[in-house]
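Down below is the structure, laid out as structure tokens.
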Amino acid sequence: MRRVGLVILAVNVGLALAKAGVWWTTGSLAVGSEAVNSASDAVYSVIVLAGLYLTTQPPDFEHPHGHERIEPFVSLFVAVGVFAAGAGVLWNASTSVLNGTYGGSAGVTGVAVLVVSGGVKYGLYRYCLRVGEQTHSPAIIATALDNRNDILTAGAALVGVLGASAGVPILDPIAAGVVSLGIIYTGYEIVRDNVNYLVGAAPPDELTAEILSRALEHPEVKGAHDVVAHYVGPEIDVSLHIEVEGDMTLFEAHDIESKVVESIGELPEVDDVFVHIDPKELGEWKEDDRTEQLFEQRTGEK
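Oh and the sequence shown: position 131 is 131 in full-length UniProt numbering, straight run, nothing missing.
This is the structure in structure tokens:
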């Protein structure tokens with residue numbers, strides 16, 4: 001995860017310098033907006049790198065569950081920087097169109113730097129998405145989304161550069177405006193995904209169904225109810241009730257509980273699992289239409 005942060009930082013600094021050089025020599029607003037985009041990427045890459053250093057620290061006395069819950073906050077810092085960059089580019093592009101002060105043509109150099117940028121960003125997107133999904137890191141996934149949108153903004157900037165070269169200079173600031181909207185949308189995506197981690201939202205239905213399925217696959221479990229799964233940071237806490245035969249010994253019931261906890265805990269997204277055991281003879285089963293529906297979708301059984 002830390003290596004991802006270093007790679008992202010190095011690439012974004014390199015792209016920002018290349019685009020800034022083209023903008024400085026040509027005055028192209030489209031390339032200039034892309035330079036701002038890459039510069040903001042480089043700044044938040046530093047934040048991501050620092051955040052990943054903290055989140056990968058082992059558990060300690062004050063943080064017995066580890067430090068992964070810092071990650072959503074890191075991602076929100078990323079979003080703030082993305083919004084600021086997008087607003088700045090949009091203001092510059094709007095002012096240019098209203099005043100009729102268009103940038104210069106970036107020519108072949110501008111086309112080349114934008115094409116290379118799009119290719120590099122696609123590689124970063126695939127790389128970050130793969131590592132983010134493997135490690136369940138919201139900060140890295142947020143970075144992957146940013147890189148994906150950077151491909152689109154580079155394409156919009158390329159249209160502006162080609163338009164300016166073809167004698168339609170107004171396309172240059174218009175392209176810069178489109179780039180800014182892409183930047184702002186990236187910020188929205190990051191906020192949307194990470195707020196769920198902070199407010200304890202439920203995970204996707206597919207994961208809840210898998211949790212229920214793992215509880216019921218034990219041959220001695222006769223039923224399950226009050227299944228509650230919610231995000232605590234980027235990880236999930238699970239609590240549920242299982243029903244077993246009431247004449248079991250405490251040792252037997254404890255063994256079943258341990259196996260259910262172990263099975264659910266093997267899911268990489270899950271952090272803690274809490275299982276309450278009910279004797280099925282007490283009739284504490286509660287109607288839970290959503291749980292029933294999830295189980296039916298998962299197994300095809302009723």
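Heads up, the beta-carbon is just placed ideally off N, CA and C, and yes, glycines get one too.
Here the structure is a predicted model, which is why all the values come from computation and not from measurement.
Determine the burial state of residue i: buried for a count of at least 16 other Cβ atoms within 10 Å of its Cβ, exposed for fewer.
i: His254; result: exposed
i: Gly246; result: exposed
i: Pro138; result: buried
i: Tyr188; result: exposed
i: Leu145; result: buried
i: Val161; result: buried
i: Ala215; result: buried
i: Pro58; result: exposed
i: Gly81; result: buried
i: Leu90; result: buried
Between which two residues does the beta strand (DSSP E) carrying residue i extend?
i: Asp271; result: Val270 to Pro279
i: Leu240; result: Glu235 to Val244
i: His225; result: Gly223 to Val232
Note down the Cα distance separating residue i from residue j, rounded to an integer number of angstroms.
i: Val136; j: Val48; result: For the sequence presented, residue 136 should be read as His rather than Val. Those two C-alpha atoms are separated by around 15 Å.
i: Phe248; j: Leu52; result: The sequence given here places Met at residue 248; Phe does not occur at that position. Looking at the two C-alpha atoms, the distance is approximately 47 Å.
i: Ala166; j: Ser33; result: 20 Å
i: residue 370; j: Gln134; result: Since the first residue of the chain shown is 1 and the last is 302, residue 370 is not available in this structure.
i: Leu6; j: Ala176; result: 28 Å
i: Leu9; j: Ser45; result: 5 Å
i: Ile236; j: Ile170; result: 50 Å
i: Leu198; j: Ile190; result: 13 Å
i: Phe83; j: Gly14; result: 22 Å
i: Gly182; j: Val275; result: 45 Å
i: Ser258; j: Ser213; result: 16 Å
i: Val273; j: Ile140; result: 25 Å
i: Asn196; j: Val168; result: 44 Å
Determine whether the beta carbon atoms of residue i and residue j lie at a separation below 7 Å.
i: Pro268; j: Asn194; result: no
i: Gly86; j: Ser28; result: no
i: Ile242; j: Ala224; result: yes
i: Val238; j: Glu220; result: no
i: Ala157; j: Ala30; result: yes
i: Ala42; j: Trp23; result: no
i: residue 303; j: Ala93; result: Given a span of 1 to 302 for the chain in the structure shown, any question on residue 303 remains unanswerable.
i: Ser75; j: Ala164; result: no
i: Ala18; j: Val113; result: yes
i: His218; j: Val260; result: yes
i: Val131; j: Val228; result: no
Can you give me the start and stop residues for the alpha helix (DSSP H) that residue i sits inside?
i: Ala157; result: Pro138 to Ser165
i: Ala39; result: Leu29 to Thr55
i: Ala16; result: Arg2 to Thr26
i: Glu210; result: Asp205 to Leu216
i: Phe77; result: Glu71 to Asn99
(message) With three or more beta-carbon pairs closer than 8 Å as the criterion, would you say the stretch 90-100 touches the stretch 264-278?
(response) no
(request) Decide yes or no for the touch test of the stretch 145-155 against the stretch 106-119: beta carbon pairs closer than 8 Å, at least 3 of them. (result) yes
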